[in-house]
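Colleague: My structure is below; once you've seen it, I'll send some questions.
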Amino acid sequence: MIFRAAPGGAHDVTPRGAQDSDLIARVRKGDVEGFNLLVSRWEKRVFNYLLRLTGNPDDSLDLSQDVFLKAYQNIRKLDDAARFGPWLFRIAHNEAYSRFRKYRPEVAAPESEASETSFFERQTAPGIAVDLALAVAGALDRLNPEQREAVVLKIYQGFKFDEMAEILDCPVSTVKSRLYTALDLLKTELAPSPIRGTR
Amino acid sequence: MNTHSCEKSDLVRDYAFDELAPAERKSLEQHLTGCSDCAAELDRLRLTTAVLRVIPDQEVPRRIAFVSDAPPARRWFVPNLGFASACVLAAAISFSAYRFTAFSNAAPAAPVAPVTQTAQLSQSQIEQAVTKAVSDAVAKTHADDVQMTDAALKAVESKYAQQQNQVMVAAQEYLDLQKKQLHTYNTLYNSDTRPGVSQ
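Protein sequence lines correspond, in order, to chains A and B. The numbering used here puts the first residue of the first sequence at 8, with every later residue one more than the last. The numbering used here puts the first residue of the second sequence at 504, with every later residue one more than the last.
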């Protein structure tokens, strides 16, 4: 059976009581609509994860579609339905790095362009001071890709350390080291400014 | 960098991200009540993560959905025009078959030349027939080409003659106009030489 990405679809109709594992069971029986419900649950998280890695909305959307297509094709290989999230993000991580190596082989990993306005610098929450947002954006951009990805997975996506280790395919100790080093750097850069600005 | 000197600094970080087991969590909470360094470190960590979250998630620009390309299931016993037409066609075929059978029973058809007759032709006869067919085809193609060329040539000649005729007509008109102008000049000249007479 062939599937293609299509605009629109059955969204925002996910039954509240249905768990990912229920939907995965439906998908394994060939229920495409069940998979669309899974997509609607996870697409925003996957898209934003990829957006924070690549900094490009178009690339992130393309990658998101590839990620979900690959997830559908391989969903029978998922051993534990309760680990769908880390498994999906593992696919997203691999797709992002694969795409980046393919189109920019001179760079080993997604890295923001220091000379251009980065994704983080373009985002500002309503009601938040622009200088604070810019300070955060600048600090995140100065992290190396591995540190930034650890911050994204922990702070913005809320994964546990063991889940991050699964996504990044590295030991938990490595994950913690990357995250805590990044937070030390961010704390140094960000602490004085927000403290003065908010008190 | 981390300037926290307490030996439980790593646990404070794990605590901040809710990564401690219940027993460890309870133990650290007791430690925090008596260790100002750890309490301050926890505050700084929470402030840093709160500041990082000023950059919000983005909405997915285009929703992702998957559709099946599988053909729809066959529907039986649905009364519609297609089904009625199929019935009429089937009845017509059945009636024709019945009539053909009846006719065959009444008067057997004349024997058809056996197919094997073709095999009785000699190789030379086949080659001769093929050569003749090729010659005929070439001759016909040549004749068609000649006919098309003649027609095109006639069309071009006709068009050329028509254009020539138009040029001659235009030249004649121009000549007539020149004559009229010459006549007018002569008349005006004569009138000038005879005062009191006007045209």
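All C-beta atoms, glycine included, are put in the ideal place defined by N, C-alpha and C.
Just checking: is the beta-carbon of A524(B) within a distance shorter than 7 angstroms of some beta-carbon in chain A?
Modeller: Chain A, which has no Cβ nearer than 7 angstroms to the Cβ of A524(B), makes this no.
Colleague: Would I162(A) pass as an interface residue toward chain B - the criterion being a Cβ-Cβ separation below 7 angstroms?
Modeller: Taking Cβ atoms only, chain B reaches closer than 7 angstroms to I162(A), which makes this a yes.
Colleague: Could you list which residues in chain B have their beta carbon closer than 9 angstroms to that of K167(A), in chain order?
Modeller: Per Cβ cutoff of 9 angstroms: F520, D521 and E522.
Colleague: Can you look up S67(A) in the DSSP assignment and give me helix, strand or coil?
Modeller: S67(A) falls in the helix class under three-state DSSP.
Colleague: If you measure between the beta carbons of V39(A) and F569(B), is that distance less than 7 angstroms?
Modeller: Against a cut-off of 7 angstroms, the Cβ pair of F569(B) and V39(A) comes out as a contact.
Colleague: Could you tell me which of V557(B), S571(B) and L514(B) sits nearest to S530(B), measuring between CA atoms?
Modeller: When only C-alpha atoms are compared, the closest one is L514(B).
Colleague: Residue range of the alpha helix (DSSP H) that F569(B) falls in?
Modeller: Unbroken run through F569(B) is the beta strand (DSSP E), A568 to S571; no alpha helix (DSSP H).
Colleague: Distance, Cα to Cα, F580(B) vs G165(A)?
Modeller: Bear in mind that a pLDDT of 44 at F580(B), under 50, signals an unreliable position, so the model cannot answer this.
Colleague: Considering only C-alpha positions, which residue in the set N63(A), A140(A) and I174(A) is nearest to F107(A)?
Modeller: The shortest C-alpha separation from F107(A) is found at N63(A).
Colleague: Classify S47(A): buried if its beta carbon has 16 or more other beta carbons within 10 angstroms, exposed otherwise.
Modeller: By the 10 Å Cβ count, S47(A) comes out buried.
Colleague: If we count Cβ pairs, one from each stretch, closer than 8 angstroms, do we get three or more for the stretch 80-87 of chain A versus the stretch 50-69 of chain A?
Modeller: Taking 8 angstroms as the limit for Cβ pairs, the verdict is that the stretch 50-69 of chain A does not touch the stretch 80-87 of chain A.
Colleague: Given a threshold of 16 other Cβ atoms within 10 Å of its Cβ, counted over all protein chains shown, does I629(B) qualify as buried or as exposed?
Modeller: Counting Cβ neighbours within 10 Å, I629(B) comes out exposed, since fewer than 16 surround it.
Colleague: Are the stretch 559-569 of chain B and the stretch 167-175 of chain A touching, with three or more C-beta to C-beta distances below 8 angstroms?
Modeller: Cβ pair count under 8 angstroms is below three, so no.
Colleague: Pick helix, strand or coil for I558(B), following the three-state DSSP scheme.
Modeller: If DSSP states are grouped into helix, strand and coil, I558(B) belongs with coil.
Colleague: For S71(A), return the contacting residues in chain B, with the cut-off set at a CB-CB distance below 7 angstroms.
Modeller: Per Cβ cutoff of 7 angstroms: I567.
Colleague: So what's L192(A) in DSSP terms, helix, strand or just coil?
Modeller: The answer is helix: DSSP assigns L192(A) an H, G or I state.
Colleague: For R549(B), return the contacting residues in chain A, with the cut-off set at a CB-CB distance below 7 angstroms.
Modeller: What R549(B) touches in chain A: nothing, since even the nearest Cβ is about 11 angstroms away.
Colleague: Using the three-state DSSP reduction, which class does P178(A) fall into: helix, strand or coil?
Modeller: Three-state result, P178(A): coil.
Colleague: Does the beta-carbon distance from T551(B) to L58(A) come in below 7 angstroms?
Modeller: No, the Cβ-Cβ distance between T551(B) and L58(A) is not below 7 angstroms.
Colleague: Look up D639(B) in the DSSP assignment and say whether it is helix, strand or coil.
Modeller: Helix.
Colleague: Taking 7 angstroms as the threshold (beta carbon to beta carbon), is A543(B) in contact with chain A?
Modeller: Output row for A543(B): interface = no.
Colleague: Using CA atoms only, rank isn't needed, just tell me which of S28(A), V137(A), V158(A) and F96(A) is closest to Q72(A).
Modeller: Ranking the options by Cα distance to Q72(A), first place goes to F96(A).
Colleague: Answer with buried or exposed for R185(A), where buried requires no fewer than 16 other C-beta atoms within 10 angstroms of its C-beta.
Modeller: By the neighbour-count rule (16 or more Cβ atoms within 10 Å), R185(A) is buried.
Colleague: Give the secondary structure of R149(A) by DSSP, where H, G and I count as helix, E and B as strand, and everything else as coil.
Modeller: In this structure, R149(A) counts as coil in the three-state DSSP scheme.
Colleague: Counting only C-beta atoms, is K36(A) closer than 7 angstroms to chain B at any point?
Modeller: Closer than 7 angstroms: no.
Colleague: According to the Cβ coordinates, are V74(A) and I98(A) closer than 7 angstroms?
Modeller: In this structure, I98(A) lies closer than 7 angstroms to V74(A) by Cβ.
Colleague: Does the separation of the CB atoms of V563(B) and K51(A) fall below 7 angstroms?
Modeller: In this structure, K51(A) lies closer than 7 angstroms to V563(B) by Cβ.
Colleague: For R516(B), return the contacting residues in chain A, with the cut-off set at a CB-CB distance below 7 angstroms.
Modeller: Residues of chain A passing the Cβ test: Y187.
Colleague: Tell me which same chain residues have a C-beta within less than 7 angstroms of the C-beta of F42(A), skipping the five on either side of it?
Modeller: Closer than 7 angstroms at Cβ, skipping near neighbours: V34 and Y79.
Colleague: Looking at the secondary structure, which residues open and close the alpha helix (DSSP H) in which Y104(A) lies?
Modeller: Where Y104(A) is concerned, the enclosing alpha helix (DSSP H) stretches over F91 to Y110.
Colleague: Beta-carbon of V554(B) versus every beta-carbon of chain A: anything under 7 angstroms?
Modeller: For V554(B), the answer is yes, since a Cβ of chain A falls inside 7 angstroms of its Cβ.
Colleague: Would you mind stating whether L44(A) and L30(A) have Cβ atoms separated by less than 7 angstroms?
Modeller: Yes, these two residues count as a Cβ contact at 7 angstroms.
Colleague: Could you give the DSSP three-state label for P470(B): helix, strand or coil?
Modeller: Past the boundaries of the shown model lies residue 470(B); chain B is included only from 504 to 702, so the question cannot be answered.
Colleague: Would you mind reading off the limits of the alpha helix (DSSP H) that contains D38(A)?
Modeller: Note, D38(A): premise wrong, no alpha helix (DSSP H); not H, not E.
Colleague: Sort E153(A), E196(A), V53(A) and A32(A) by Cα distance to C177(A) and report the nearest one.
Modeller: Closest option to C177(A), Cα to Cα, is E153(A).
Colleague: Which stretch, first to last residue, makes up the alpha helix (DSSP H) that contains S530(B)?
Modeller: Here the alpha helix (DSSP H) through S530(B) covers P525 to G537.
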